[in-house]
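Undergrad: Below you'll find the structure I mean.
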Amino acid sequence: MSVKELNAFAVREIRNNYYLTGQVKSLSTRDLIVLLMEPVTSSRSLSLLADELLQHGLRDLSELSEYELSFRYGLDERQSFFLASLLELGRRQYFSRKEDRVIIRSAGDVADLMMDMCFLEKEHFVCLFLDTKNHVIAKETISIGTLDAALVHPREVFRAAIRHGSSTIVAVHNHPSGIPTPSQEDIHLTKRLCEAGELVGIGLSDHIIIGDRVHSSLRELGHF
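For what it's worth, my numbering labels the leading residue of the sequence shown as 54, then goes sequentially.
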């Protein structure tokens with residue numbers, strides 16, 4: 054059988070399984086990837102592609118950029134963009150469900166919400182954008198760095214804050230080392246964010262560092 058015929062067979066089998074239950078949630082993650090990648094995949098086996106994409110787990114897959122998806126799995130530009138967009142939509146939907154219930158009252162609230170960052174292998178700088186009642190209205194990754202550094206400019210942070218209509222922000226980043234002790238660079242960045250926030254009228258509520266299931270608050274530590 055040709056690749057096209059194999060793919061058509063695989064999709065038909067999955068759809069037949071769906072018709073038995075009438076529920077998409079009954080399909081496996083592998084089946085969902087086969088169905089979702091079908092419109093942008095014609096020259097390789099969908100089943101093998103799904104197996105490759107899930108080799109290191111869905112969490113690992115969801116953290117890859119378009120370039121990393123293309124480089125690691127040999128996806129073309131259309132495929133990598135399509136898959137990255139689907140994964141980003143899933144992340145936003147997941148977080149939007151949390152946002153409905155989240156009010157930030159303390160550093161512990163932030164840590165509870167963001168503790169899954171402790172599993173990230175690269176340093177991520179993320180901002181939570183809050184309204185006047187401290188409800189989380191949006192979350193955005195501002196920068197992804199190397200294992201020991203993330204490049205962040207206050208301009209990018211407050212551009213996002215203005216776009217989301219935020220009253221205050223909480224900065225969050227992880228230390229892949231697992232130790233949440235703030236570095237001098239962390240302290241310096243916090244002060245720069247405070248100064249920039251004063252200029253635009255959007256306050257920095259806190260800067261939280263996520264370690265290995267522990268956290269630190271630069272506000273509680275007295276750094277601003």
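Glycine included, each C-beta is placed from N, C-alpha and C at the ideal position.
For F124, does the count of other Cβ atoms within 10 angstroms reach 16, so buried, or fall short, so exposed?
TA: It is exposed - the Cβ of F124 has fewer than 16 other Cβ atoms within 10 Å.
Undergrad: Does the distance from the CB of A63 to the CB of V87 come in under 8 angstroms?
TA: In contact: A63 and V87 (Cβ atoms closer than 8 angstroms).
Undergrad: I need the straight-line Cα distance from S79 to Y71, nearest angstrom please.
TA: Distance between the alpha carbons of S79 and Y71 is about 7 angstroms.
Undergrad: For G75, decide whether its Cβ has a neighbour in chain D, counting only Cβ atoms nearer than 8 angstroms.
TA: Considering every chain present, this structure includes no chain D. It has just one protein chain.
Undergrad: Compute the Euclidean distance between the alpha carbons of I215 and I157, then round it to the nearest angstrom.
TA: Straight-line Cα distance between these residues: approximately 19 angstroms.
Undergrad: Using only the alpha-carbon positions, how far apart do V56 and P229 sit?
TA: For V56 and P229, the distance between alpha carbons rounds to 41 angstroms.
Undergrad: Mind reading off the beta-carbon distance from I255 to T221? Whole number of angstroms is fine, and I expect it under 8 angstroms.
TA: About 6 angstroms separates the two Cβ atoms, so the contact holds.
Undergrad: Measuring straight from C-alpha to C-alpha, what distance separates R266 and A61?
TA: For R266 and A61, the distance between alpha carbons rounds to 45 angstroms.
Undergrad: Considering only residues of the same chain and omitting the five flanking positions on each side of E193, which have a CB-CB separation below 8 angstroms?
TA: Hits under 8 angstroms: V179, C180, F182, A213 and H217.
Undergrad: Do E119 and A103 have their beta-carbon atoms positioned less than 8 angstroms apart in this structure?
TA: No, they are not a contact pair.
Undergrad: From this set, G161, M170 and M90, which residue's C-alpha is nearest L139's C-alpha?
TA: Among G161, M170 and M90, the Cα nearest to that of L139 is on M90.
Undergrad: Give me the residue from L166, E174 and E66 with the minimum Cα distance to L114.
TA: Of L166, E174 and E66, the residue nearest in Cα terms is E174.
Undergrad: Who does E193 pair with in a DSSP beta bridge?
TA: DSSP lists C180 as partners of E193.
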